[in-house]
Amino acid sequence: MTDQFGQEQAIRKLAPGKLVIASHNPGKVREIAALLGRYGIEPISAASLDLPEPEETGTTFIANAELKAMQAADLSGLPALADDSGLCVEALGGDPGLFSARWAGPTKDFGMAMQAVWDGIEAKGPDAGHDAHFVCALALAWPDGHVEAFEGRIDGTLVWPPRGDQGFGYDAMFVPHGHDISFGEMDPDAKHAMSHRAKAFEKLVAAVF
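If you count by UniProt numbering, then the sequence shown holds residues 1 to 209, one letter each, in order.
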């Protein structure tokens, strides 16, 4: 991290204790809690604190993650960790990307969202590729406004129909490169070891713990 003069600043360390997970998505909260448990962190979901969901007005995954983390830290008085992630499909010009959750509508119907992704690929014709990648940005914020951000990515291929009932979101249609099963078919521990979220967490853990 650099200051206003472009000088490198030391990354702030996170002490064991309570940490707000700035998400109302129970799947994300579960994954993040599983990844944090070994570090003496007591995760608390934003939903359990009745914290509002901010409007995601950022133009990058990191900007949205920072926005969510900073609001949760400010309102709770505790450090807060936010995740902004999405599925980027090459044939769709990177969509749904930042709008991955919004494609599922207000009821968070990811069956509908996956169908919309596949229909979009099919509409491109038989030469449309199925390459895609997941991106995860993590932002860790403190009540004084300090924030650290990290990003991870995993590449893969989309399949249809969706396969498996593990995971959440678009997991059932995404097969990571080097594997022949989808995230939806994968044991959660196996997914946690390789996912975009896990890669972002590796960077966060190396920096702040």
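No residue lacks a Cβ here, since even glycine has one placed at the ideal position from N, Cα and C.
All values derive from a computational prediction rather than experimental measurement.
*Start-end ranges of the beta strand (DSSP E) lying completely within the segment 31 to 84, minimum 3 residues*: 41 to 45
*Which first and last residues belong to the alpha helix (DSSP H) in which G152 is found?*
Numbered from 1 along the sequence shown, position 152 holds the residue referred to as residue 152. Segment V147 to L158 is the beta strand (DSSP E) holding G152; no alpha helix (DSSP H) there.
*asked:* Considering just the uninterrupted stretch of the beta strand (DSSP E) at H177, what are its terminal residues?
replied: The sequence position of residue 177 within the sequence shown is 177, counting from 1. Element bounds for H177: n/a, residue is neither H nor E.
*Neighbourhood of A46 by C-beta, 7 Å cutoff - its chain only, sequence neighbours within 5 removed*: The sequence position of residue 46 within the sequence shown is 46, counting from 1. Excluding sequence neighbours, A46 sits near V20, I21, A22, S23, H24 and A72.
*State yes or no: is the C-beta of Y170 within less than 9 Å of the C-beta of L98?*
Mapped onto the sequence shown, residue 170 falls at position 170. Mapped onto the sequence shown, residue 98 falls at position 98. Result no, Cβ atoms of Y170 and L98 do not sit closer than 9 Å.
*If we count the other Cβ atoms within 10 Å of its Cβ and call it buried at 16 or more, is G6 buried or exposed?*
As a position in the sequence shown, residue 6 is number 6, starting the count at 1. The predicted model places G6 with a pLDDT of 43, which falls under 50 and marks its position as unreliable, so this point remains unresolved.
*Can you tell me which of M186, H146 and P26 puts its alpha carbon nearest to the alpha carbon of M70?*
For the purposes of this step, residue 70 is taken as the residue at position 70 of the sequence shown. It is H146.
*Report yes if the C-beta distance between R153 and H192 is below 9 Å; otherwise report no.*
Position 153 of the sequence shown, counting from 1, holds the residue named residue 153. Position 192 of the sequence shown, counting from 1, holds the residue named residue 192. Taking 9 Å as the Cβ cut-off, R153 and H192 do not qualify as a contacting pair.
*Since A141 is in the beta strand (DSSP E), which residue starts that stretch and which ends it?*
To locate residue 141, count along the sequence shown from 1; it is residue 141. From DSSP, the beta strand (DSSP E) with A141 extends over D131 to A141.
_At least three beta-carbon pairs within less than 8 Å, the segment 181 to 188 to the segment 115 to 129_ = no
*Does the beta-carbon of A10 have 16 or more other beta-carbons within 10 angstroms, so that it is buried, or is it exposed?*
Indexing the sequence shown from 1 puts residue 10 at position 10. Classification for A10: exposed.
*asked:* Which same chain residues end up closer than 8 Å to V208 when comparing Cβ atoms and leaving out the 5 residues on each side of it in sequence?
replied: One-based indexing of the sequence shown puts residue 208 at position 208. I11, R12, K13, L14, L140 and E148.
_Exposed unless 16 or more other CB atoms sit within 10 angstroms - verdict on A34_ = Sequence index remark: in the sequence shown, residue 34 carries index 34 (1-based). Exposed.
_Whole-angstrom distance between A128 and E56, CA atom to CA atom_ = For the purposes of this step, residue 56 is taken as residue 56 along the sequence shown, with counting starting at 1. For the purposes of this step, residue 128 is taken as residue 128 along the sequence shown, with counting starting at 1. So the two alpha carbons sit approximately 30 Å from each other.
*9 Å Cβ cutoff met for F174 and A113*: Indexing the sequence shown from 1 puts residue 174 at position 174. Indexing the sequence shown from 1 puts residue 113 at position 113. In this structure, A113 does not lie closer than 9 Å to F174 by Cβ.
*P96 bridges to which residues according to DSSP?*
If you number the sequence shown from 1, residue 96 lands on position 96. C88, per the DSSP bridge assignment.
*In chain order, what residues of the same chain lie with their CB nearer than 7 Å to the CB of G105, ignoring the 5 residues before and after it?*
Looking up residue 105 in the sequence shown gives position 105. Here G105 has M112 as same chain residues with Cβ atoms under 7 Å from its own Cβ, once five neighbours each way along the sequence are excluded.
*asked:* Can you look up L19 in the DSSP assignment and give me helix, strand or coil?
replied: Position 19 of the sequence shown, counted from the start, is the residue given in the question as residue 19. It is a strand residue.
_Between which two residues does the alpha helix (DSSP H) holding P162 run?_
Taking the first residue of the sequence shown as position 1, residue 162 is located at position 162. P162 -> no alpha helix (DSSP H), and no H or E assigned at all.
*Would you please state the rounded distance, in angstroms, between the beta carbons of D155 and H177? I believe it to be under 8 Å.*
As a first step, residue 155 is located in the sequence shown; it is residue number 155 there, counting from the start. As a first step, residue 177 is located in the sequence shown; it is residue number 177 there, counting from the start. Indeed, because the Cβ distance is near 5 Å, the residues count as touching under 8 Å.
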